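To start, the structure under review is shown below, and the notes come after it.
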Amino acid sequence: MEEGPAEGLGRTVPERVRLALQELGPTAIKFGQMLSTRHDLLPAEYVEELSKLQDEVPPFPFEQAREQIERELDAPLTELFREVNPIPLASASIGQVHEAVLLSGEKVALKVQRPGVERIIERDLAILFDLADLLQGRLPIARHYDLVQVVKEFAESIRDEMVYTIEARNAEQLASNLAEERSVYIPKVYWSLTTQRLLTLERLEGIKISEVEALRRAGHDLRRLAKALANVTLRQILMDGFFHADPHPGNFIVLSNGRIGLVDFGIMGHLDARTREHLVNVFLGIVTQDTDRVVENLLEIGFITEDTPLAAFRHDLDRLLTRYLFLPRKEFRIGELLRRLLEGMYEYAVSVPAEFTLLAKTLVMVEGLCLALDPDFEVREAVEPMVRRLLGMHLEPRHLLEELADGLKQVAQLARHMPRQVSSVLHKAETGELKVRIEHHRFEQLWQRWSILANRLAFSIMVSAITLASALLLQNAPDFPLRSTLGVSGFLLAATMAFWLLLSIIRSGRL
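Mapped onto this note's numbering, the consecutive letters of the sequence shown carry residue numbers 94 to 604.
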């Protein structure tokens, strides 16, 4: 049902932004969902409102799905499957999922791409790029956050989502990484039935992890499930650097044997070895309540630029960590800490790498699922064993030698490139091509204040001069016929000017 003008008038600006994105279609909805994870880019009220966006659209007709499947596999549907359920299991902006049974009797899930979606998304992305470029050319805040780069990262993400063979490789990579984890299960990929626009995975049957009462009735140990979910998430992030970054409840299915099945591998996070090492130290600082360790490693990850007021930022960060890290264990929430941390980044106009915001979103959502399963769940209990295990691995001789070799390699590269870079700078200086760009912030306000101060100072000097001249005239010029008139007039003028100056200072509120 459409809203009338009267209904829209009472809505807040963030609500209107959300509704506008919903009206603009699937690309705008996904862009809004991405922005809802960026506490560092938007105020809290916008993030909260955009998090309500749902990537749910009406399914497209089964006849179109049939045509798409037959076109991708170059064979009639009846020669490929024993049966395909015409009613989709789920429908989203890029594709929809149908249950099917192979000729061999194996149950599978078919993810079929929506016909024509590539053309629609590329058109919308072109509009987003044009808008970002326009804003970045006119607004300093858009330049600071590099809005074009934000759109570029979003474009790369959504284009990867449209290539189902990438999602299939993601599933296999995750299965390989978690092969030793007996608490989770990754569905098998049927490569002979998978293309760029069609993904065929083993169908997992079980109970959604958010259906707590159904899990309890089925006899599952909820506390064990919460611990297993936390452990496998931390393992993906801190050990492998490759993690499932879309952990909403529908993507976790508890199987009859108690294992947690993961589905939907379109959005994955990637962390390099250096970032993972600093994150391990961040988590160790959280476990040991060492705020200095947390601050130092957050700074090392690379959020800070030369424009950041480091002393003030460090002070506020330390105060925030002290407030949260010393809470009783059962009251500590890592999701709340990360949310406040990212909001602090926004206040200081600090740009956060996109992968870190994916990481924060993942931890927030997984912690929420764990607490729903076990209200007494303590994230520090899950973090501590993993962190101490990884620290032990980092101190092994082999790892230390690898770090040393990597550091020497970086030094060698720096030494190799430095002469050329220095020569280039000197050449530009000699030829007059060297340009230094200076950006002033609030210089106009500062100049205005100095102008007011200079005017008041000059005015005060004039008042003093008139007062002194009047006094000298009355005292030392007895034979001058108009001395009394001029002297008294001077005093009155000086008093009037002094009163006017005092009144202007009082009105400005800067007395």
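Think of the CB as a built atom: it goes at the ideal place given N, C-alpha and C, for glycine as much as any other residue.
Because the structure is a prediction, the values reported are computed rather than measured.
Grouping DSSP H, G and I as helix and E and B as strand, with all else coil, what is residue i?
i    : result
K281 : coil
Q382 : coil
R412 : helix
H363 : strand
Q206 : strand
Q189 : strand
A183 : strand
I427 : helix
K320 : helix
L604 : Caution applies to L604, whose pLDDT of 49 falls short of 50 and renders its modelled position unreliable; the model cannot decide the point.
K145 : coil
T589 : helix
I559 : helix
A311 : coil
V480 : helix
T120 : helix
E273 : coil
A168 : coil
Bridge partners for residue i per DSSP, in chain order?
i    : result
I214 : Note: I214 sits in no beta bridge, so no partner.
H337 : M361
F247 : In the DSSP output, where bridge partners are listed per residue, F247 has none listed.
E607 : Nothing in the structure corresponds to residue 607, since the chain is present only between 94 and 604.
F345 : L355
E176 : V194
T258 : T258 pairs with nothing; no bridge assigned.
T288 : L291
I300 : V347
I'd like to check one pair, residue j with residue i: are the Cβ atoms closer than 7 Å?
i    : j    : result
F358 : I302 : no
A261 : V282 : yes
V375 : V476 : no
E436 : A137 : yes
V387 : L414 : yes
V459 : P340 : yes
F247 : M361 : no
I394 : H408 : no
I259 : L267 : no
L182 : L173 : no
Can you find the residues in the same chain that come closer than 8 Å, C-beta to C-beta, to residue i, ignoring five residues on each side of it along the sequence?
i    : result
R104 : L112
P151 : S184
By the 10 Å Cβ neighbour count, where 16 or more other Cβ atoms means buried, how is residue i classified, buried or exposed?
i    : result
V106 : exposed
H363 : exposed
L451 : buried
N178 : exposed
S517 : exposed
F124 : buried
Y592 : Note that residue 592 corresponds to Phe in the displayed sequence, not to Tyr. Burial call: exposed.
A225 : buried
G525 : exposed
K454 : buried
H313 : buried
Cutting at 6 Å between CB atoms, please list the residues of its own chain near residue i, excluding the five before and the five after it.
i    : result
A202 : V190, L294 and R296
R481 : none
A158 : V205
Can you check whether the C-beta of residue i is within less than 7 Å of a C-beta belonging to chain D?
i    : result
E477 : Judged by its chain identifiers, the structure shown contains no chain D, having just a single protein chain.
Leaving aside the five residues before and after residue i along the sequence, list all residues of the same chain whose C-beta is less than 7 Å from its C-beta, in chain order.
i    : result
E211 : M255
E176 : A193 and V194
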